[in-house]
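Worksheet: one structure, shown below.
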Amino acid sequence: MGKTGTAGNKDKRVRSDCFVEIELTEMGGIEIDLKSKVIKLYREAILDLCMEELRFFGIENAKVIIEDHGALPFILEARIEAAVKMCLDTDREFLPEMIPENLYHTEKERFRRSRLYLPGNTPSYMINAGIHKPDGIILDLEDAVAPSKKGEAKILVRNALRHINFYGAERMVRINQIPMGLDDLDYVIPHNVNVVLIPKCESAEQILEVDEQILRISRENDVHNPVYLMPIIESALGVVKAFEIASSSENIVSLAIGLEDYTADVGTQRTIEGRESFFARSQVVNAARAAGVQPIDSVFSDVADTEALKKTIIESKSLGFEGMGCIHPRQINIIHKYYAPNEAEIEKAKMIIEAFYEAEQKGMGVVSLGSKMIDPPVVKRALRTMEYAVKAGKCPKDWRKVDA
Amino acid sequence: MPDNLIENAMGRMIPTEINGKKIIPFMGLGKHIPEGRKYGPQIFSSVNYPADGNKVVPSLKDALIKCGLRDGMTVSTHHHLRNGDLVTNEIFRIASEIGIKDLVWFPSASFPCHEPIIEYLENGTIDHIEGSMNGPLGRFTSQGRMKGTGVLRSHGGRYQAVQDGEVRIDIAVIAAPTSDPFGNSNGLYGPSACGGLGYALADYQYADRVIILTDNLVPFPCFPMQIVGNYVDFVVEVERIGIPEKIVSGTTRITRSPDRLYLADLTARFCDEAGLIRDGFSFQTGAGGTSLAIGENFHRILKSRGIKARFVSGGSTQYISNMLKDGCLDYLLDAQTFDLESVRSMRENPNHVATSIFNCYNYHGKGNYTTMMDIVILGATEVDVNFNGNVVTHSDGYLLHGIGGWQNALFGRNVILPIPLFRDRIPVIRDEVTTLCGPGELIDVIVTERGIAINPLRVDLIEKMKGSDLPIKTIHELKEEAERICGKSKTAEFEDRIIAAIKWVDGTVIDVVRQVRE
Chain A
1 MGKTGTAGNK
11 DKRVRSDCFV
21 EIELTEMGGI
31 EIDLKSKVIK
41 LYREAILDLC
51 MEELRFFGIE
61 NAKVIIEDHG
71 ALPFILEARI
81 EAAVKMCLDT
91 DREFLPEMIP
101 ENLYHTEKER
111 FRRSRLYLPG
121 NTPSYMINAG
131 IHKPDGIILD
141 LEDAVAPSKK
151 GEAKILVRNA
161 LRHINFYGAE
171 RMVRINQIPM
181 GLDDLDYVIP
191 HNVNVVLIPK
201 CESAEQILEV
211 DEQILRISRE
221 NDVHNPVYLM
231 PIIESALGVV
241 KAFEIASSSE
251 NIVSLAIGLE
261 DYTADVGTQR
271 TIEGRESFFA
281 RSQVVNAARA
291 AGVQPIDSVF
301 SDVADTEALK
311 KTIIESKSLG
321 FEGMGCIHPR
331 QINIIHKYYA
341 PNEAEIEKAK
351 MIIEAFYEAE
361 QKGMGVVSLG
371 SKMIDPPVVK
381 RALRTMEYAV
391 KAGKCPKDWR
401 KVDA
Chain B
1001 MPDNLIENAM
1011 GRMIPTEING
1021 KKIIPFMGLG
1031 KHIPEGRKYG
1041 PQIFSSVNYP
1051 ADGNKVVPSL
1061 KDALIKCGLR
1071 DGMTVSTHHH
1081 LRNGDLVTNE
1091 IFRIASEIGI
1101 KDLVWFPSAS
1111 FPCHEPIIEY
1121 LENGTIDHIE
1131 GSMNGPLGRF
1141 TSQGRMKGTG
1151 VLRSHGGRYQ
1161 AVQDGEVRID
1171 IAVIAAPTSD
1181 PFGNSNGLYG
1191 PSACGGLGYA
1201 LADYQYADRV
1211 IILTDNLVPF
1221 PCFPMQIVGN
1231 YVDFVVEVER
1241 IGIPEKIVSG
1251 TTRITRSPDR
1261 LYLADLTARF
1271 CDEAGLIRDG
1281 FSFQTGAGGT
1291 SLAIGENFHR
1301 ILKSRGIKAR
1311 FVSGGSTQYI
1321 SNMLKDGCLD
1331 YLLDAQTFDL
1341 ESVRSMRENP
1351 NHVATSIFNC
1361 YNYHGKGNYT
1371 TMMDIVILGA
1381 TEVDVNFNGN
1391 VVTHSDGYLL
1401 HGIGGWQNAL
1411 FGRNVILPIP
1421 LFRDRIPVIR
1431 DEVTTLCGPG
1441 ELIDVIVTER
1451 GIAINPLRVD
1461 LIEKMKGSDL
1471 PIKTIHELKE
1481 EAERICGKSK
1491 TAEFEDRIIA
1501 AIKWVDGTVI
1511 DVVRQVRE
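Sequence lines, in order, name chains A and B. Start counting the first sequence at 1; every next residue gets the next number (this note's numbering). Start counting the second sequence at 1001; every next residue gets the next number (this note's numbering).
Structure below.
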């Protein structure tokens, strides 16, 4: 028997995915055994794609089994490539088109209220993720992917970055823990990833390693887009070193905390009240603010309990966090709503901004509100509050005109 | 196979005869106005029925024989027992046992539980089905294995066909959860309770012979009389007519799929921005997960503004019943009760009124409610760039669903179809629908998760939505977007043989379905 490679999923419940098995043979050309729920409509398309891809990898003789559950072309391509790469050693990549909609970059200061985790080896969740309008989507190569599936997930995530329209969400990838995660970067950096999430971060060195690797890959691939970093603190040591980590690279835009692993590490359990992680969360907020980056909270994992989610967000916001992770699209709107500034915050921000413009108009160097002097960072913060209020639909875009 | 094909007003090639009967090709909306008088049932005399009112006979077999069951007859059933129906298969088992051939089964709908019917189609007991061919029956039919040609009609179209004398029911077998020996019966009580029996209206009023089959025989009189015993020939008591847990879903549930919830949100926002949700408006939604979510969104909007809907018509669910209770709705005109909470609501709330579905769906009548409905939410397996809709076949050509009330509900003022842009890899918006079930003139808005297309005929809606933040696109843009994601799909391949005809609500033939090339 020749070398054999398999990739993809074939459980009965699988949708928008396929299972591919390739066995290299000595002769007899390429034989494809195709089963597909869309066979009447896409038989030739699937066979043509498979032949083209095998030829691309220089394979002339092979037995191929494809069990297709309605996989989109870029998914089929990823699965075939992954199976091929288990049979032979090659650096070639069979890349789907980079759709022009995906060529956007993001700003350092952009809102990162919600980021939706998508398991890196489950295509059905990825396809429509963007329509739910999270601030960011995370293609997760770490905890959501079984160890035996890490290789094929990287290829799928690469193809997803090139070919799925996420409708303006910040395109993020959570790589594996360093050092293993360094190898993931080859699959994401050349494909216009906006943010790389670094899990279980415990030192500045780890960040620097990632930075270096990104620099190398960018140079080799002539990549010029900014790639930001979001380290995730998930251990006692990480919490202790939070500031060192947050300030280690100018590419860092946010510092996140991961409470599932953190609570395990310190030997306790996560509760809704969250007293066990009060110190850690405060430390992360403090370190992030000190380093001038956004503090971002952990995910809330009970998808069904929206009441508890609301409470958690209100608490999180009061501690100083600007956003959190989500594991289900239904959490997104709740997150946007409850992190949004409340009425009192909006009123105060409006007054500060008005005072600023008034001072500017009168040519005064110092802004004051009542008897209080207002520093530039406060004005900046007020502007951001108003931007948020507009985005959350709590204020019209032209609120200054409307109020006047 | 008939050689004579003619082109109907939608450009579809259809035969001049189906099952040996001449047909009228679809002539365009509102073009075919039949003349003459409705079909009248036979005259009977009470002399021939027992004076003590006891019409009970020992078994279904006895009843069928007494009704004169013979080759080529049309036997009808209703679908109120849904997927828990134990009656239909038994009718044809008996017919097969006594060697009857070439029957026509005329159900108001079929379900997966009717898969055993295939045996009787194969052994010649049944020639063909005039009704919905769902799941396994649809596949069987699509493979060209049914002897005669299937005929698919909408709920209203079925009523029209009987009234117009196009279909003559020889024997109606009506499963009734409660009945008295005279034949007065209802679906409200008994171990197989199903709510109403409204779809059997044409069957018991127009059939030559009517058999009531019940597993809850009560002494005369049985109230309420949803079916009036004066139309009934025989009553049979059996151990069980249905499997309760498969008859009524205890609860209907709003979808939990985030993608469908998003579609529901988008649909409600569209209706709101288009000014369709206003004090005194009316709507109809189905019992599917997305439809329920749309109803809930309407409820929320009404409540937040302190306004009310005047009436909701069609199927009732706990969500709509709750809207009534909540004061956001004046009347719930209930033609089909989908869950136990609605059954309770109908008992307790005088504004939750049982009505006949044919008040909404009877095309050959003096008007009907549907044309008064402001918003109608429907689904489709496919829609094409001309807004034509398909609800019976999938894009691979297989017949898998019935028409239900879909064609009838298309006459609402604003017909909105929330559908995904593609299912698995198959685009839902295509150049041309595989099977034409409803003309695009009647379909106003297609809402997909990636954009909303308004029928160019609805200049008023297009005008209203100018400047909206909602993703308004053309139907062509949506089609291209789907193709870009999925890749251009082939169209289904067919043999020449026609396996089913699709009737329009006026009795004309709007399209046919051909055997799938396998």
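The beta carbon of each residue, even a glycine, is placed where N, CA and C say it ideally should be.
Amino acids of chain A, ordered along the chain, whose beta-carbon sits closer than 7 Å to that of residue i
i: Ile1485/B; result: Leu72
i: Glu1449/B; result: Asn128, Ile131
i: Asp1180/B; result: Result: empty, since nearest Cβ-Cβ is about 48 Å, beyond 7 Å.
i: Tyr1262/B; result: Ile131, His132
Residue i, buried or exposed, once every other Cβ within 10 Å from all chains shown has been counted against 16
i: Glu1481/B; result: buried
i: Val1516/B; result: buried
i: Ala1176/B; result: buried
i: Tyr117/A; result: buried
i: Pro1002/B; result: Annotation note: pLDDT 49 at Pro1002/B (below 50); position unreliable, no value reported.
i: Tyr357/A; result: exposed
i: Gln269/A; result: exposed
i: Leu1263/B; result: buried
i: Asn9/A; result: buried
i: Lys317/A; result: buried
i: Leu1121/B; result: buried
i: Met373/A; result: exposed
i: Pro238/A; result: Contrary to the premise, residue 238/A reads as Gly rather than Pro in this sequence. So Gly238/A counts as buried.
i: Asn1008/B; result: buried
i: Gln361/A; result: exposed
i: Leu1217/B; result: buried
i: Glu1493/B; result: exposed
i: Phe279/A; result: exposed
Under 8 Å by beta carbon: chain A residues contacting residue i
i: Tyr1319/B; result: Near Tyr1319/B there are no residues of chain A at all, since even the closest Cβ is about 18 Å away, more than 8 Å.
Closest Cα partner of residue i within the set the options
i: Leu1069/B; options: Ala1172/B, Ile1357/B, Lys1031/B, Pro1112/B; result: Ala1172/B
i: Ser1304/B; options: Arg1278/B, Ser1282/B, Leu1292/B; result: Arg1278/B
i: Arg1256/B; options: Phe94/A, Gln331/A, Ile178/A; result: Gln331/A
i: Met209/A; options: Asp135/A, Pro190/A, Pro179/A; result: First, the amino acid is wrong: residue 209/A is Glu here, not Met. The candidate whose alpha carbon is nearest that of Glu209/A is Pro179/A.
i: Ala1380/B; options: Val1509/B, Pro1181/B, Ser1291/B, Val1087/B; result: Ser1291/B
i: Ala122/A; options: Glu44/A, Ile313/A, Arg115/A, Asn159/A; result: Rather than Ala, the amino acid found at residue 122/A in this sequence is Thr. Considering only alpha carbons, the answer is Asn159/A.
Closer than 9 Å at the beta carbon, the chain B residues around residue i
i: Leu88/A; result: Under the 9 Å cutoff, chain B gives no residues; its nearest Cβ is about 27 Å from Leu88/A.
i: Tyr42/A; result: Arg1425, Ile1426, Cys1486, Gly1487, Ser1489, Lys1490
Chain-ordered chain B contacts of residue i [CB-CB under 8 Å]
i: Val38/A; result: Asp1396, Asp1424, Arg1425, Ile1426, Ser1489
The ligand ADP heavy atom lying under 6 Å from the CB of residue i
i: Lys150/A; result: Absent from the structure shown: the ligand ADP. Ligands present: none.
Contacts that residue i makes with chain B (C-beta to C-beta distance below 7 Å)
i: Ser254/A; result: Result: empty, since nearest Cβ-Cβ is about 25 Å, beyond 7 Å.
i: Ala45/A; result: Gly1487
i: Arg15/A; result: Asp1424
Amino acids of chain A, ordered along the chain, whose beta-carbon sits closer than 9 Å to that of residue i
i: Pro1418/B; result: Within 9 Å Cβ-Cβ: nothing; Pro1418/B doesn't reach chain A, min ~13 Å.
i: Asp1272/B; result: Residues of chain A passing the Cβ test: none, with the nearest at roughly 14 Å.
Please list the residues of the stretch 1380-1397 of chain B that have a C-beta atom closer than 8 Å to any C-beta atom in chain A, keeping them in chain order. Ser1395, Asp1396, Gly1397
Below 8 Å between beta carbons is the criterion; list the residues of the stretch 324-348 of chain A that meet it against any residue of chain B, in chain order. Listed by position along the chain: His328, Pro329, Arg330.
Are the stretch 1075-1089 of chain B and the stretch 1108-1115 of chain B in contact at 8 Å, needing three or more beta carbon pairs? yes
With a cut-off of 8 Å, do at least 3 Cβ pairs link the stretch 1194-1202 of chain B to the stretch 1159-1169 of chain B? yes
Taking only beta carbons into account, state which residues of the stretch 1127-1144 of chain B come closer than 8 Å to chain A, listed in chain order. none
Could you tell me whether the stretch 361-378 of chain A touches the stretch 307-325 of chain A, using the rule of 3 or more Cβ pairs below 8 Å? no
Short-range partners of chain A found in the stretch 1240-1259 of chain B, where Cβ spacing is below 7 Å: Pro1258, Asp1259
Is the stretch 1269-1283 of chain B close to the stretch 1228-1247 of chain B, with three or more CB pairs under 8 Å? no
Inspect the CB distances between the stretch 1338-1353 of chain B and the stretch 1321-1329 of chain B and report whether three or more fall short of 8 Å. yes
Below 8 Å, can you find three or more Cβ-Cβ pairs linking the stretch 1409-1424 of chain B to the stretch 1469-1476 of chain B? In short, these stretches do not touch, since the Cβ pair count stays below three.
Spell out a yes or no on whether the stretch 53-60 of chain A and the stretch 12-20 of chain A are touching, meaning 3 or more CB-CB pairs, one atom from each, closer than 8 Å. no
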